Each structure stands twice: as C-alpha cells, then as structure tokens.
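Peer 1:
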Amino acid sequence: MIHIVYMSRAVRPLSDQDLQSLLDQCRRDNAARNVTGVLFYSHGNIAQLIEGEKEVLEPLFEVISRDGRHSNVVKLVDKPISTRSFKDWSMAFHPIEPSGFEALQGFLLPHHLPPPPSSLSIADAMLVDLVKLAVFGADATPSEPTLAHA
Amino acid sequence: MREQQLQDILRHMPAGVATLQGEALRFGFVNEAMQAVLGAPVQEGQAVADHPGTIPADLLDVMQQVFRSGRPYVAKSYGIPLPATDDQNPTPRYFDIALEPVREGDGPVSGLLLFAMDVTAQEEARQKAHHLAIETRRLDTRLRVLTETVPQITFTVDADGRYEYVSPQWYYYTGQPPTADLNAIWPLLIHPDDRLRVLYQSDSARAAGIGWSYEYRLRRHDGQYRWLLSRALPELHGPDQAVFWHGALTEVHDQRELAEALRRGEAELRFLADSIPELIWTATAEGFIDYYNEYTAEYSGLTKAELGPTGWINLLDPSEQAGAARRWVHSIATGEPYEGLFRMRRHDGRYRWHIIRARQLADERGPRWFGACTDVDDQHRLREVLQTQYDELARTNRDLDTFVYTASHDLKQPLLNLRGLFDELRRTATFDDPEEGEIVGMLDQALSQLDATLQELAETVEDQRGLSATPETLELRSVADEVLLGLRTQVQESGAVIDLDFAAAPTLTYGRANLRSILHNLFSNALKFADPTRPPHIQVRSGIANTGQPFLAVQDNGLGMKLPSHRAPVFQPFARQHPHIAGAGVGMYLVQRIVASRGGHLEVSSTVGAGTTFTVHWFGA
C-alpha cells in the first residue's frame, strides 16, 4: 500500500456546483477502487492525499495529472505505508453557500478539519499540515506551537 | 439589297458607328451602339455641336480639326462620362475613338466616320495593375527600409545554401567590402569551433525543409568573435517544397555572457554550499525542502530523494519531532525565523546536538527559506559538564557558608560557658605571681577576641547571604516562581508536576533572602529525593494554623525517610538521610536555624516509599 500527496492549481476557479460534482464523482470512483484520502480546495489551490494499493494508485495518479481541469501538478510524496490513515475519502473547501453542504457525505469545512491522524508519521503529518496551510492560508489553520510549560 | 444588309450589320455592331456630314458635322447614320454612347437619341441631320450628348468639348474640337486637316486620328482609352441610369451611378467609360475623314472620290473632305470601341474593362484592368505596381513598390521600399534599419542582419538563402540577399548590416558588422563574395567569405568568419556545427545544422534544416535557430560566434569587424543567434523560416512554394529561407542574425553576446556569469555564480554558490561541513538546505514558500547540500547526504546517510520535502523531521530525536514540526509549520504560517536546538541522527545512528536555523527571503521571486543545521554537539556537551560543575561548586560554596554560619553560632555557647568558668575561676582563685595575673589578663583578652571574631564571622555570612535583611510583605507566589525558575533544569529533567496553592495565605512578612533560602531547600530536596519510578509531584500549600499563625506545607511523593523517635536529630548538620544522593547535608539544618531564629519551628512527617511532608510554622504560637 502506498500514499501519494500532490498539489496543483485549478485552470479556472471551481464553482460550488463543480465542487459538488467533483465530490460525488470522486467518492463514487474512490469507493469502488478502495482509495481513501482527503482533498483540499481553496481559491484555485488544490492538494490531495490518496492512499491505496500501488497498482490502483499509480495509474490513478497518471489520470489525475493529465486532468485538464488543473495544471502545475507537483507530486510531493509517493511512498509505501503500512496502514491507512483515512477511513474514507473526503473533501474540504469553502463553499460560497455553505448551508447546502453541511449535510453532504464526505464534505468538511476547512476549519472543521481534524488534525492529521496519528497513524501518519510526524514527517507526513507535517506535510499534510503544510499542504493545508498552502491551500487555505494561515487563518484557517491555527498552528501556534504549544510550548511545554515548566 | 447589299446596301440594306450592310446597314443591318452596321446597326447591330457591338462598336459605335456614326457618320458626320458636312462642315457642320451633321449626324448621318448612327447605329444602336453609338446611340448608347451618346446617351440622348439623335436625329439624322442634327449638328453634333448642337446635340453633343455625352461628347466632351475637346473631342468636338478634335473632330473639327480632323475635318479640316483631313488626317485621321485615333484616341486610345478616351474617357466619356456616361450619365446615370436607373440602376447605375455615373461611371466613366473608356473608348478607343477613331475619327476617319470621308472623301467623295478625290474631292475635299465631306464628312467624318466616327468609331467608338468600348475598352472600359481593359482600361480598368490596366489601372488596377498600375495601382498594384505602385503599392508593391511602396511595400518593397518599406521592407527595404525596415530590413536596413533594424539592428539585426537579415538574409535570404536558397535551397542550395547560396545567399540571395543579405542586408547591409552584414557588411557594417563584419567590415567586409560590398564586393565580397558572401558565399565564400561567410563560413570563414564563423568561429572555427562552431563552423562545422553551423554548416551541418543549416544544411540539415534545409534538407528537411524546416526553419532553424542556433547560436554561433561570428568575427566582427574588429576581429572579436561575438555570439549571434541565427533564426530562419522556409518560404514554401507548394506543399513541403521550400525554395527560400528568410532569417535574421541577432547579437546575443552580452545576454549570453550574462547568463553564463549567472550560471557560474549559481554553480559557485552551490559549490560553496556543498563544500561547507554543515547541513544546508532551502525550502519553498510552502515549507517543502527543495535542496539539501552534499553534506546533508553525507551526515544523514540518506539521499535527497529519501529525505524528501519533510523528511528532515525523521532525523530528529523522536521525542523532539512533534515540537520541531509544530514550530516549522508555525514559521511557515507567520514568516518568523525558525530556531531550535535538536539532536540529529548521524548515518551511524549517533545523535549529535545541532542548532537548526532558517530564515525567509522575500523578494520579487516570492518567499523562499534558507536554513542551516550547525553541529554544536561538542560545545553542548562541554557546557553541560561545566554547568554540572558550576552547580556543584555553587552548592559547596553555599554549604560552606552555611557551615561557617552555623559553626559560629554553635561555638558561641561553649565560648559563653568558657567565659563563665573563667570568670568564676578568676573570682575564686588567687594568683601570687604577678606574671600569672598578666596571663589571666591575656586570657581574658583572648576570650574577648574569640567572641568578636565569631560575631564577625556570623555577620559576614549573614550579610553575604542577605539573611539578616529586615522582613517585608512578600507574595508567596512570586517568590516561589522565582525559586522554581532557578530550579527549572531539574524540574524539566525530572518532568515534575508542581502545584502551587497560596489561596489561603497569599502573603507572608519575612526576610526575602530567608524565604527564598527555605523554599529553595524544600523544593530542591523534594526534587532530589524523588522516587525514580515515578515523576515527582510536589504540592505546595500555604495556610493559617489553629494558632492563628501562618504555615507552609510542602508535600512530595518521593522516597520518604525513616524518622527518628524525636524530632531534632533529623536536622543535625551533615546528617544525610540518603547518602547516595549528592549534598553536604546542611540544607535542612539551615532551614531549621532560620525558622527557629524567628521563633518558628519545622515539622516533618514521612512514609518510606510514599513521600514526605515538611510543614514550616513561620512564627511561635
């Protein structure tokens, strides 16, 4: 089993409807292929972590990187993992009209994102934090270091 | 019959035919085509001067002259403005007009034969061709001015590689005379190192029928070889059949030199970074490492790919990774410089202390991070050793002071006894020898001196330690925090949890140095005598006892001790409860002395293996 993390730029801003259809499509396809992970989207910035079997993920990433809806795809990590860190596939973004999204399966508001699961190595958890920061900016991810108090 | 036939033919001819008779030039025969040319219908016998129709005055004049001179005349492409009809605007139409004098036998000219052949289409084509020629000349001039004005050398080459054209700039640039044979000279002006390549590249581009773009050095008029960029595109005649290549040569020498200098500068910086025996790296604005120097690979034993964008975290001691990662994310979010002291794993598995520093560079290329990890392991270890030795010395020094202080106090009582006994002896005994009396006097003097010396000793230590300071109202919380700050290394190392509860009696009127000394001894004992199997938990509580006097209790979960049957011996000087733990054994003795000097007392209860509670009753009941 491997996981892949990449970042990219949307060719044009995605509307609420685009995002919802992307969410539906990915959840359906990924569930069928047993791919789990999380996608972040904000202001044209895209980042995604996917985990699954190597034979599934590598061709999937090929398809993703050729997708005409985004460009500047930069693969950050592609390495073997022992366990999954995400139980299904979900997506976090700021919809213009959030009310309809709250109830959607697999949708998260960026400030409701849980911290990276502890099953990730610290280096990978930091990578996810940095990716989150790069997509949503500093406001959505308060990351004040908690200093040990004497 | 033939007359009639001839008339019919003439009538329907596509050219205009008319006869003009007599000196007045009266219309005779006028066919249909001529009627159309004249515009208005004319009657036989009318004079042309009276009904000229469309015929301009100058043609009328010429008609008169032809009649008079008897010499025929042909006017080519003569423009006659035809009047507008219902569906046509007035347009000039062009005719070849022939005026033929008519004679009766050999007699004088009796009339004129007028032919008008419409040549409008030919004339229009001719005019169009004329305009085109003018336009072509204009464009040609413009192109020439442009090609001769631009700084580039422009050229045209045919399929065999022969130069059809080269702009004058080539001659200025190379300093060759205009008579120079381009095809022979040009290759000779190319730098010998580039010549074969250029000839081959241009040859293969021409063979393939495609354009080219390459750089080479050409000898300038001053003999210097300068870099030029040669670009050309084919002119296709028919599909895939290139006949000419048109192109331009641009001097790129300075750009190339600059790029070369930049490349060299970058390579030198990289070489510099790779030569430094420190871990040096750069990161993107998002915080992903995109460059590690050679030494990083050497130190860690991992390749750049193995380290990856965040893999440096894996090099740190596992207990430090989470904190280091949080701080890095924080720096990326805020742009604050990153700094920390961490243990980093070497390729052989040994951890060495490093200071990791990174700063953000923000310029027009966007923010980037530059970082370095400096090995401070030797310094760090040396400092640790020095710190331990310093602590030990400070403690010994304090203990010695305490010893002097207590000793001077403790010697006072025997001295007092000695003085009493001596006075008694002097009162009861008699000395006959006057020398003995002198000895008694000297003895008396020596006793007084001893007393003064002891007094001085005690006062000196008291002054130095500030133990004699006048009492003031103190915030227990702030004094306790101050003391804990001094003990923070021990607190951190042991992972101690310290609960401070001064709610019941937040202040105390006491000597500041005394209070500090007491708290220091109680806290450091609680930390020192901790049970190694559990982190120390120290509960500090102030309160008011039943007697109405304030007290302070310090309870730990440490080793505990076996208490002797009566209280006092616990706090004898140099009595040490735990000989395996470092200390001079005077700390608690001093605490007891200080507390006693204010009329208070110290209480202790302890269970071996569970912990000890010291209660300080500050004042006498």
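Those protein sequences? They're chains A and B, same order as listed. Note that the UniProt record's numbering gives residue 93 to position 93 of the first sequence, counting from 1, and the numbers run on in steps of one. Note that the UniProt record's numbering gives residue 545 to position 545 of the second sequence, counting from 1, and the numbers run on in steps of one. Idealized CB from N, CA, C, for every residue including glycine. Here the structure is a predicted model, which means the values were calculated and not measured.
P535/B and V479/B look like a contact to me (Cβ under 8 Å); what is the Cβ gap, rounded to whole Å?
Peer 2: As a working mapping, residue 535/B is identified with position 535 in the second sequence. As a working mapping, residue 479/B is identified with position 479 in the second sequence. The pair is not a contact, with the Cβ atoms about 24 Å apart (cut-off 8 Å).
Peer 1: If contacts are defined as beta-carbon pairs under 8 Å, then F95/B and I80/B qualify, I think. What distance do you get, rounded to the angstrom?
Peer 2: On the second sequence, position 95 is the one that residue 95/B refers to. On the second sequence, position 80 is the one that residue 80/B refers to. The Cβ separation is near 6 Å, so the contact holds.
Peer 1: Against chain A, with Cβ distances strictly below 7 Å, would E482/B count as a contact?
Peer 2: Translated into the one-based positions of the second sequence, residue 482/B becomes position 482. Cβ-Cβ to chain A under 7 Å: no for E482/B.
Peer 1: Using a Cβ-Cβ cutoff of less than 7 Å, which residues in the same chain neighbour H354/B once the five nearest sequence positions on both sides are dropped?
Peer 2: Here residue 354/B refers to the residue found at position 354 of the second sequence. The residues are F342, M344, C373, T374, D375, V376.
Peer 1: Considering only the alpha carbon of each residue, which of K76/B, V198/B, V42/B lies closest to G28/B?
Peer 2: The count along the second sequence starts at 1 and reaches residue 28/B at position 28. Answer by Cα proximity: V42/B.
Peer 1: With a CB to CB cut of under 7 Å and the five nearest residues on each side skipped, what residues in its chain are close to A248/B?
Peer 2: In the second sequence, residue 248/B corresponds to position 248, counting from 1. Only Q152, I153, T154, R231 meet the Cβ criterion.
Peer 1: Reducing DSSP to helix, strand and coil, say where D399/B ends up.
Peer 2: Start at 1 with the first residue of the second sequence, and residue 399/B comes out as number 399. Reduced to three states, the DSSP call for D399/B is helix.
Peer 1: Does any residue of chain A bring its CB to less than 7 Å from the CB of N293/B?
Peer 2: Your numbering for residue 293/B matches position 293 in the second sequence. Cβ-Cβ to chain A under 7 Å: no for N293/B.
Peer 1: Return the CA-CA distance between D124/A and D363/B, expressed in angstroms with no decimal places.
Peer 2: Here the question's residue 124/A lines up with position 124 in the first sequence. Here the question's residue 363/B lines up with position 363 in the second sequence. Distance between the alpha carbons of D124/A and D363/B: 29 Å.
Peer 1: Under 7 Å Cβ-Cβ, which residues of chain A neighbour I313/B?
Peer 2: Along the second sequence, read from residue 1 onward, the residue named residue 313/B stands at position 313. Within 7 Å Cβ-Cβ: I122, A123, M126.
Peer 1: What do you get for F271/B, buried or exposed, if any count of 16 or more other CB atoms within 10 angstroms of its CB means buried?
Peer 2: Position 271 of the second sequence, counted from the first residue, corresponds to residue 271/B. With fewer than 16 other Cβ atoms within 10 Å, it is exposed.
Peer 1: How would you list, in chain order, the residues of chain A whose beta-carbon sits under 7 Å from the beta-carbon of V329/B?
Peer 2: Residue 329/B sits at position 329 when you count from the first residue of the second sequence. M126, D129, L130, L133, S143, listed in chain order.
Peer 1: For M91/A, name the three-state secondary structure that DSSP assigns.
Peer 2: On the first sequence, residue 91/A is found 91 positions in, with the first residue counted as 1. Strand at M91/A.
Peer 1: So the candidates are G340/B, G323/B, D348/B, Q321/B; which of them puts its Cα closest to the Cα of S300/B?
Peer 2: As a working note, residue 300/B is residue 300 in the second sequence. Comparing Cα positions, the closest option is D348/B.
Peer 1: Taking CB distances under 7 Å as the criterion, tell me whether T296/B reaches chain A.
Peer 2: What you label residue 296/B is simply residue 296 of the second sequence in a count that begins at 1. So, not an interface residue.
Peer 1: Check F101/A in the structure and name its three-state DSSP category.
Peer 2: Your numbering for residue 101/A matches position 101 in the first sequence. F101/A falls in the coil class under three-state DSSP.
Peer 1: Report the residue from I538/B, E435/B, E493/B, Q35/B whose alpha carbon sits nearest the alpha carbon of L559/B.
Peer 2: Within the second sequence, residue 559/B is the residue found at index 559, counting from 1. With distances taken between Cα atoms, L559/B lies closest to I538/B.
Peer 1: Applying a beta-carbon distance threshold of less than 9 Å, which residues of chain B neighbour L57/A?
Peer 2: The sequence position of residue 57/A within the first sequence is 57, counting from 1. Within chain B, no residue comes near L57/A; the closest Cβ sits about 17 Å away, beyond 9 Å.
Peer 1: In the DSSP assignment, find the beta strand (DSSP E) that holds A133/B and state where it starts and stops.
Peer 2: Position 133 of the second sequence holds residue 133/B. No beta strand (DSSP E) holds A133/B; the alpha helix (DSSP H) holding it covers 120-149.
Peer 1: Identify the continuous beta strand (DSSP E) that holds F40/A and give its terminal residues.
Peer 2: Reading the first sequence from its first residue, position 40 is the one you call residue 40/A. F40/A -> beta strand (DSSP E) spans 36-42.
Peer 1: So A138/A contacts chain D; which residues on that side make the cut at Cβ distance below 8 Å?
Peer 2: Note that chain D does not occur in the displayed structure, where the protein chains are A and B.
Peer 1: Which chain B residues are close to L76/A, counting only those with a beta carbon under 7 Å from its beta carbon?
Peer 2: Numbered from its first residue, the first sequence carries residue 76/A at position 76. In chain order: F288, P309.
Peer 1: Closest to G486/B by CA distance: which of R219/B, I9/B, S517/B is it?
Peer 2: For this step, residue 486/B is matched to residue 486 along the second sequence. Answer by Cα proximity: S517/B.
Peer 1: Does DSSP put S556/B in a helix, in a strand, or in coil?
Peer 2: The residue labelled residue 556/B in the question sits at position 556 within the second sequence. Checking the sequence, you will find Asp at residue 556/B rather than Ser. Looking at D556/B - three-state DSSP - the assignment turns out to be coil, as it is neither helix nor strand.
Peer 1: So for V497/B, helix, strand or coil by DSSP?
Peer 2: Position 497 of the second sequence, counting from 1, holds the residue named residue 497/B. DSSP places V497/B in strand when its eight states are reduced to three.
Peer 1: Give a single yes or no on whether P532/B has its beta carbon closer than 6 Å to a heavy atom of the ligand GDP.
Peer 2: Among the components modelled here there is no ligand, and therefore nothing to report on the ligand GDP.
Peer 1: With a threshold of 7 Å between beta-carbons, can Q321/B be considered close to chain A, or not?
Peer 2: Taking the first residue of the second sequence as position 1, residue 321/B is located at position 321. Yes, Q321/B lies at the interface with chain A (some Cβ there is under 7 Å from its Cβ).
Peer 1: Taking Cβ positions, are V11/A and R69/A nearer each other than 7 Å?
Peer 2: Locating residue 11/A in the first sequence gives position 11, counting from the first residue. Locating residue 69/A in the first sequence gives position 69, counting from the first residue. Their beta carbons are under 7 Å apart, which means V11/A touches R69/A by this criterion.
Peer 1: Helix, strand or coil: which one does DSSP assign to H191/B?
Peer 2: As a first step, residue 191/B is located in the second sequence; it is residue number 191 there, counting from the start. Residue state, collapsed to three classes: coil.
Peer 1: Going by the CB atoms, is the gap between A553/B and residue 634/B shorter than 7 Å?
Peer 2: Since the first residue shown for chain B is 1 and the last is 621, residue 634/B is missing from the structure and cannot be characterised.
Peer 1: When DSSP labels each residue in this structure, what does I356/B get in the three-state scheme?
Peer 2: As a first step, residue 356/B must be located in the second sequence, where it is residue number 356. Note: I356/B maps to strand in three-state DSSP.
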